[in-house]
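Below is one structure, written out as structure tokens; the observations come after it.
Numbering (this note's numbering), first residue to last: 2 to 136.
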């Protein structure tokens with residue numbers, strides 16, 4: 002008999018594709034956390050900034066010129082209504098899905114819980130103070 006490796010990530014459905022076309026001025030007061038490294042803000046699916054994926058987008062500032070953007074839809078059972086990732090309210094040092102308890106660092110990598118893969122990441126582009134987020 003041969004033993005086969007099982008890839009649990011392939012057993013999980015992928016996050017559905019949804020349009021992402023957001024544009025924010027990072028100097029606006031509502032985006033004040035993005036003025037500091039590891040600061041993060043949450044953008045809704047639809048709002049004044051544009052279209053934000055399946056369940057919205059979390060934007061994290063890595064440095065003055067580097068921003069990361071992640072889908073809020075948790076990669077563990079993404080079709081569950083509660084599969085939504087948020088910035089941890091107390092520490093603001095990581096992201097978590099309160100439904101399945103998966104945790105992710107501020108680079109979107111899994112640090113705990115049943116999530117089989119990192120958060121879905123979107124492209125970012127900074128021109129002056131205008132940050133564009135697209136897929």
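Glycine residues also receive a C-beta, built at the ideal position from the N, C-alpha and C atoms.
These figures come from a predicted structure and were not determined experimentally.
Can you tell which of the options has the C-alpha that lies nearest to the C-alpha of residue i?
i	options	result
residue 123	84, 53, 82, 96	53
residue 83	97, 29, 19	97
residue 88	26, 112, 59, 28	59
residue 131	18, 35, 46	35
Grab me the residues of residue i's own chain with a C-beta within less than 6 Å of its C-beta, minus the 5 sequence neighbours each way, in chain order.
i	result
residue 85	56, 73
residue 39	107
residue 20	52
Taking Cβ positions, are residue i and residue j nearer each other than 8 Å?
i	j	result
residue 109	residue 117	no
residue 101	residue 80	no
residue 42	residue 32	yes
residue 95	residue 62	no
Could you give the DSSP three-state label for residue i: helix, strand or coil?
i	result
residue 118	coil
residue 20	coil
residue 33	helix
residue 89	coil
residue 136	coil
residue 61	strand
residue 15	coil
residue 38	coil
Note down, in chain order, each residue of its chain lying with its Cβ closer than 7 Å to the Cβ of residue i, except the 5 sequence neighbours on either side.
i	result
residue 66	127
residue 14	79, 80
residue 64	38
Rounded to the nearest angstrom, how far is the Cβ of residue i from that of residue j, given a contact under 8 Å?
i	j	result
residue 22	residue 48	That belief does not hold up - the Cβ atoms of residue 22 and residue 48 are roughly 12 Å apart, past 8 Å.
residue 44	residue 125	Going by Cβ atoms, the distance from residue 44 to residue 125 rounds to 12 Å, so no, they are not a contact pair.
Compare the C-beta of residue i with all C-beta atoms of chain B and state if any pair is closer than 8 Å.
i	result
residue 20	This model lacks chain B altogether; it includes just one protein chain.
Ordered along the chain, which non-local residues of its own chain (more than five positions away) have a Cβ less than 8 Å from that of residue i?
i	result
residue 16	55, 72, 74, 76, 79, 121
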